[in-house]
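Residue numbers (this note's numbering): 89 to 356.
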């Protein structure tokens, strides 16, 4: 069998985001926006500890993506991969973090894992998405972007699995009485978050013939529901003639391993 990637979303919401990737026997966190204690608890369900981690990849410096980094760095010495500007922000909040810098658009390798970070549009200093490749298997990672830039579909084209922000339903956002107008404008702006419809637009724009697994992520608790996000995406997938395993990441419960291989992907 060729090398595979498998991943689990540990938590995903505006309150905190973290995920775990395994590639050819190495384990990586993508973001650490929940407490270190909670991350340790999630890892234990997979019979893992913090010491099993080879690296942490950070999309951007907002608290819901780096909240646990400081405590993790106090427990173990693990390399955190991010852009230089993101690293400067991280060190302000977590000075003990050991940062390794990458440049968007330039692929680097960690063991069997090839990592390609790419620019996204969000109100952070230097936010990125990722494409992860191991052997012939590929996983796309897109969260916290307010628009689909021209290059994003290119980076994600041909992936076998995709983790994709589907943050809000525009009607629920507009009608939400808890959110002030300026916050609604920020969320819906080109530097905010993706709506359900924008997530569908991305899938239509990217080359999707190999797509087998799609995880909708970073859903708003107040301005979206899993049912609405999945319904919109399912209609798009049906229109495209794609039979895809469609899941919603939860803010409270980890997903089981999702195994990604070039010819077959399945939930285990």
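C-beta atoms are modelled at their ideal positions from N, C-alpha and C, and glycine is treated no differently.
Per DSSP, what kind of secondary structure is residue 51 in: helix, strand or coil?
The chain is shown from 89 up to 356; residue 51 falls before or after that span and cannot be answered.
Leaving aside the five residues before and after residue 321 along the sequence, list all residues of the same chain whose C-beta is less than 8 Å from its C-beta, in chain order.
Excluding sequence neighbours, residue 321 sits near 254, 284, 287, 288, 291, 302, 304 and 334.
Which residues share a DSSP beta bridge with residue 203?
Answer is 196 and 220, bridged to residue 203.
May I have the straight-line CA-CA distance separating residue 328 from residue 179, to the nearest angstrom?
Answer to the nearest angstrom: the Cα atoms are 44 Å apart.
Given this structure, state the Cα-to-Cα distance separating residue 114 from residue 94, to the nearest angstrom.
Distance between the alpha carbons of residue 114 and residue 94: 10 Å.
How should residue 129 be labelled, buried or exposed, when 16 other C-beta atoms within 10 angstroms of its C-beta is the threshold for buried?
Exposed, by the Cβ-count rule.
Within the chosen definition, does the region 292–299 reach the region 244–252 through at least 3 CB pairs nearer than 8 Å?
A contact exists between the region 292–299 and the region 244–252.
I need the straight-line Cα distance from residue 222 to residue 265, nearest angstrom please.
Cα to Cα, residue 222 sits roughly 45 Å from residue 265.
Measuring CB to CB, does residue 182 end up less than 8 Å from residue 349?
No, these two residues do not count as a Cβ contact at 8 Å.
According to DSSP, is residue 301 helix, strand or coil?
Strand.
Would you check if the distance between the CB atom of residue 199 and the CB atom of residue 107 is smaller than 8 Å?
For residue 199 and residue 107, no; Cβs fall outside 8 Å.
By alpha-carbon positions, which one of 173, 323, 189 and 109 ends up nearest to residue 214?
Selected option, being the one with the closest Cα: 173.
On the criterion of 16 or more Cβ atoms from any shown chain inside 10 Å, does residue 164 qualify as buried, or is it exposed?
Exposed, by the Cβ-count rule.
Across which residues does DSSP place residue 134 in a beta bridge pair?
Residue 134 pairs with nothing; no bridge assigned.
At which residues does the beta strand (DSSP E) containing residue 391 begin and terminate?
Missing from the structure shown is residue 391; the chain here goes from 89 to 356 and no further.
Short of 8 Å in beta carbon distance, which residues of its chain neighbour residue 197, apart from the five on each side in sequence? Order them along the chain.
If we look at residue 197 and ignore the five residues flanking it on each side, its Cβ neighbours are 203.
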